[in-house]
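Have a look at the structure below, then the notes.
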Amino acid sequence: MAKKIETAMVQAGRQPVKQQGLVNPPLKRGSTVLFPSMAAKRETGRHILEPVEIYGLCGNETHFALENAIATIEGGRHCQITGSGLSAITVPLLAYLNAGDHLLMPDSVYGPSRTFCDNVLRRFGVETSYYDPMLDEPGIAALFRPQTRVLFTESPGSHTFEVQDIPMLARVAHARGAKVFMDNTWGLHHFQPFQHGVDVSIQALTKYAGGHSDIILGAITVNTDEDWHWLRRGALELGNYASPDDCWLALRGLRTLLVRLRAQDEAGRRIATWFAARPEVARVLHPALPSCPGHEFFQRDFTGACGLFGVVFRPQFSAEDIVRMIDALQLFGIGASWGGYESLVLPTTGTIHRSAGTGVFEGELARFHVGLENPDDLIEDLDQGLAVLRGA
Ligand SMILES: Cc1ncc(COP(=O)(O)O)c(C=O)c1O
Numbered sequence: 337m338a339k340k341i342e343t344a345m346v347q348a349g350r351q352p353v354k355q356q357g358l359v360n361p362p363l364k365r366g367s368t369v370l371f372p373s374m375a376a377k378r379e380t381g382r383h384i385l386e387p388v389e390i391y392g393l394c395g396n397e398t399h400f401a402l403e404n405a406i407a408t409i410e411g412g413r414h415c416q417i418t419g420s421g422l423s424a425i426t427v428p429l430l431a432y433l434n435a436g437d438h439l440l441m442p443d444s445v446y447g448p449s450r451t452f453c454d455n456v457l458r459r460f461g462v463e464t465s466y467y468d469p470m471l472d473e474p475g476i477a478a479l480f481r482p483q484t485r486v487l488f489t490e491s492p493g494s495h496t497f498e499v500q501d502i503p504m505l506a507r508v509a510h511a512r513g514a515k516v517f518m519d520n521t522w523g524l525h526h527f528q529p530f531q532h533g534v535d536v537s538i539q540a541l542t543k544y545a546g547g548h549s550d551i552i553l554g555a556i557t558v559n560t561d562e563d564w565h566w567l568r569r570g571a572l573e574l575g576n577y578a579s580p581d582d583c584w585l586a587l588r589g590l591r592t593l594l595v596r597l598r599a600q601d602e603a604g605r606r607i608a609t610w611f612a613a614r615p616e617v618a619r620v621l622h623p624a625l626p627s628c629p630g631h632e633f634f635q636r637d638f639t640g641a642c643g644l645f646g647v648v649f650r651p652q653f654s655a656e657d658i659v660r661m662i663d664a665l666q667l668f669g670i671g672a673s674w675g676g677y678e679s680l681v682l683p684t685t686g687t688i689h690r691s692a693g694t695g696v697f698e699g700e701l702a703r704f705h706v707g708l709e710n711p712d713d714l715i716e717d718l719d720q721g722l723a724v725l726r727g728a
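Per the working numbering, the very first residue in the sequence shown carries number 337; after that it's consecutive.
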């Protein structure tokens with residue numbers, strides 16, 4: 337029987353009979369795995385591509401349970417857990433690319449991904465070109481070279497929320513023999529990457545999967561055995577590892593993920609719509625609103641949103657005015673990351689680094705993450721924050 341996603345998320349990775357009846361998979365730690373004989377050790381070592389306990393670095397039952405659950409939510413076949421969301425980006429790039437290859441990255445990509453390409457990949461002879469995330473088919477096709485092996489996507493983009501036309505990008509890339517990697521952290525299960533042509537889907541589990549701002553973790557999911565071979569081997573060769581404690585917390589977080597996500601999506605859209613009607617605001621960068629670049633692709637390809645969006649303020653407000661407003665907010669924490677149960681805010685204009693001429697807006701930007709507080713309380717707080725912004 338094909339299970340709906342809510343049911344699958346309750347069941348994924350759990351085997352209560354094997355777990356002595358306990359509801360949750362056990363938290364297992366360990367480096368050495370002992371075998372009864374050399375023959376048994378040799379035989380187990382042949383199964384490096386399977387969820388088998390060989391040595392701590394290759395993962396244990398706790399990792400495998402989470403990998404099973406993430407593959408389920410992403411609609412993919414194989415998953416590799418990584419030590420952070422950033423390493424879920426760097427590991428597949430390092431595992432797949434060779435010196436002399438060319439990589440296409442969206443101009444709106446998460447800042448540390450850009451730094452990794454410009455600093456690390458460059459040193460290893462991989463050239464990166466940044467493209468406008470809203471380019472049309474002829475525009476993106478023109479950027480491909482014979483050496484282009486990966487088209488990276490992140491949809492929506494970091495801080496500026498451009499939603500990309502992933503099926504079109506995948507068509508262009510595949511016709512030229514390139515693979516499509518996607519940072520799908522914002523979309524989570526609302527964007528099914530493999531149904532839209534993505535080959536490698538990346539999640540920062542630090543965000544909504546963790547859900548409580550207390551873990552750092554990533555996941556890479558693929559849908560073919562061929563992709564699994566290079567990815568799994570590459571991850572092991574790079575010494576990738578994640579703490580079982582964090583995996584266990586992520587597994588627990590996943591059981592309630594869809595309920596939290598639904599509440600934060602609903603509150604996020606309400607607050608984004610409230611911002612859009614305010615005279616202090618030039619436009620709201622929430623993929624579910626028509627003012628967001630690529631809104632039509634969100635409508636077509638996504639089944640929902642999360643609680644993270646951007647606000648562009650009117651040009652008369654300076655960066656200092658935005659900081660005064662942020663300092664005045666009582667219910668929005670000031671800090672990096674997102675996906676927890678708490679509301680957060682950051683000014684983002686100064687953190688946007690672009691090289692393909694995108695990300696230019698009429699005023700200062702701030703990024704809001706809507707948590708699980710009562711949205712009426714959040715709106716009341718934002719209302720007093722906007723009064724401070726106006727100097728009232
Ligand atoms: C879109 C996106 N991808 C990846 C990451 C990296 O995740 P981590 O902090 O777990 O390295 C972040 C973190 O903010 C992010 O926003």
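Every residue, glycine too, gets a C-beta built ideally from N, C-alpha and C. These figures come from a predicted structure and were not determined experimentally.
- Put simply, the backbone Cα of Leu-625 is about 20 Å away from that of Leu-680.
- Non-local beta-carbon contacts of Gly-675 in its own chain, meaning distances under 6 Å to residues more than five positions away in sequence, involve Lys-543 and Tyr-544 in chain order.
- Distance from the CA of Leu-487 to the CA of Pro-361, rounded to the nearest whole angstrom, comes to 37 Å.
- Between Asp-437 and Ser-691, the beta carbon gap of about 19 Å keeps them out of contact (Cβ cut-off 8 Å).
- A Cβ-Cβ distance of about 17 Å is found for the pair Glu-410 and Pro-492, leaving them out of contact under the 8 Å criterion.
- Under the rule that a run must span 4 or more residues, the alpha helix (DSSP H) segments found entirely inside the segment 640-693 read 655-664.
- For Gly-554, the enclosing beta strand (DSSP E) has its first and last residue at 554-558.
- Boundaries of the beta strand (DSSP E) around Cys-415: 414-418.
- Looking at the DSSP output, Glu-463 sits in a beta bridge with His-438.
- For the pair Ile-502 and His-532, the Cα-to-Cα distance works out to about 6 Å.
- Short note on Trp-522: C-beta closer than 7 Å to some heavy atom of ligand 1.
- Distances from the CA of Leu-708 to each of Thr-684, Gly-630 and Gly-669 were compared; the closest alpha carbon is that of Gly-669.
- Taking 8 Å as the cut-off, the beta carbon of Leu-422 is found no closer than this to the beta carbon of Leu-479.
- Closest in alpha carbon position to Thr-694, among Pro-387, Pro-683, Tyr-466 and Ala-578, is Tyr-466.
- Scanning the segment 522-588 for uninterrupted beta strand (DSSP E) segments of 3 residues or longer gives 536-540 and 554-558, listed from N- to C-terminal end.
- Within the same chain, and ignoring the five residues on either side of Asp-563 in sequence, the residues whose Cβ sits closer than 7 Å to its Cβ are Asp-535 and Val-536.
- Distances from the CB of Asp-582 to the heavy atoms of ligand 1 are all 7 Å or more.
- Contact check for Ala-401 against Leu-665 fails: the beta carbons are separated by 8 Å or more.
- Judged by DSSP in its simplified three-state form, Ala-702 adopts strand.
- Judged by DSSP in its simplified three-state form, Val-499 adopts coil rather than helix or strand.
- The segment 571-584 makes contact with the segment 545-561, as at least three CB pairs between them are under 8 Å.
- Checking the DSSP bridge columns, you'll see Thr-484 partnered with His-438.
- Here Glu-490 carries a strand assignment [DSSP, helix/strand/coil].
- Burial is judged here by how many other beta carbons sit within 10 angstroms of a residue's own beta carbon; His-526 has at least 16 and is buried.
- Assigned with DSSP and collapsed to three states, Arg-606 falls in helix.
- Cβ-Cβ separation between Phe-649 and Val-617: approximately 6 Å, consistent with a contact (criterion under 8 Å).
- No heavy atom of ligand 1 is found nearer than 7 Å to the CB of Glu-410.
- Per the coordinates, the alpha-carbon of Glu-716 lies some 18 Å from the alpha-carbon of Phe-645.
- Val-445 sits in coil when the DSSP states are folded into three classes, being neither helix nor strand.
- From the listed residues Ser-494, Val-595, Leu-667 and Thr-408, the smallest Cα separation to Asp-712 is found for Leu-667.
- The Cβ atoms of Thr-687 and Ala-702 lie no closer than 8 Å to each other.
- When distances are taken from the beta-carbon of Asp-519 to the heavy atoms of ligand 1, the shortest one is below 7 Å.
- Put simply, the backbone Cα of Phe-497 is about 22 Å away from that of Val-508.
- In this chain, the alpha helix (DSSP H) harbouring Arg-378 covers 374-381.
- Between Val-346 and the set Glu-678, Thr-592, Gln-600 and His-689, the nearest pair of CA atoms involves Thr-592.
- Shown here, Ala-618 sits in a strand according to DSSP, grouped into three states.
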